[in-house]
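*Asks:* Residue numbers (this note's numbering): 16 to 207.
Backbone N, C-alpha and C fix where the C-beta goes; we use that ideal spot for every residue, glycine too.
For clarity, every value in this text was computed on a predicted model and none was experimentally measured.
Below you'll find the structure I mean.
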Amino acid sequence: MVNKVYLENFESRLMNELLKITTQYNMLEGTLLSTEDIDSRWHAIAPEYMADAVPNIADYPTVAIAWAGYVGMAVAHLWDEDWTEHCNDEYKSLYGPAGFDDMDEYIVQKVLGFHLESQEAKNIEQMMRRLGETALTLIRRENIEPQSPMAFHAYARVVKVVYRIGAAIELKRLGYKFEQVNLPGKGNKVEC
């Protein structure tokens, strides 16, 4: 049996740690920008992502985690571009010529529109690597038995958080931010 309370606490600690890092790098401002559209898209993408990533955990653990951030960035970019057109895009439409292996480069070039040698691409690569390494360190500190059901569930939480962080980074890059909205006759409400 999987301890859901433990996993929720782990996910919360991970999210807080990754938000600190992205804030230090000025890629976020301490808050997770999100939309229900982007968050719910992960539920459709996750099974295929996990099928690609899990076999890479042993040899490329950082990649198996960090690529979720690139997927989040891509989904957020496509959400902003034209969600009606892109809301049902196939996960594999984010593949590069080598499939999952070069999905990061494909997303940076073809979806986000950056040259791989550009400073923007280098900043994204550095951030995603740092997020992947940090998440990997945090999951290892948990001393979860490798290849156990708990390890799988913890990993699933990690990639979901990294996906959401990637999406938030792209939303901020596109100019989205939280603002205080004062509605007449209503209490103050924060909207994205």
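Quick one: any contact between the region 108 to 120 and the region 174 to 183, if contact means 3 or more CB pairs under 8 Å?
*Replies:* In short, these stretches do not touch, since the Cβ pair count stays below three.
*Asks:* As a quick exercise: from V86, L33 and S49, pick the residue whose alpha carbon is nearest that of A59.
*Replies:* Answer by Cα proximity: V86.
*Asks:* Would you decide whether L29 is buried or exposed? Buried here means 16 or more other CB atoms lie within 10 Å of its CB.
*Replies:* It counts as buried.
*Asks:* Look at the alpha carbon of L127 and the alpha carbon of T149, and state the distance between them as a whole number of angstroms.
*Replies:* Whole-angstrom Cα-Cα distance: 24 Å.
*Asks:* Taking L33 and V176 to be in contact with their CB atoms under 8 Å, please state how far apart those CB atoms are, rounded to whole angstroms.
*Replies:* Contact flag correct, Cβ pair sits at about 6 Å.
*Asks:* I need the DSSP call for G111, collapsed to helix, strand or coil.
*Replies:* Looking at G111 - three-state DSSP - the assignment turns out to be strand.
*Asks:* Going by other Cβ atoms of all chains shown within 10 Å of its Cβ, with 16 needed for buried, is R208 buried or exposed?
*Replies:* Look at the range of the chain in this structure, 16 to 207, and you will see that residue 208 is not part of it.
*Asks:* Assign Y85 to one of three DSSP states: helix, strand, or coil.
*Replies:* Y85 falls in the helix class under three-state DSSP.
*Asks:* Between A136, S55 and P62, which lies nearest to Y170 when the distance is taken from Cα to Cα?
*Replies:* Ranking A136, S55 and P62 by Cα distance to Y170 puts P62 first.
*Asks:* Between which residues of its own chain and Y121 is the CB-CB distance below 7 Å, once the five residues before and five after are set aside?
*Replies:* Cβ within range, chain order: L109, Y110 and G111.
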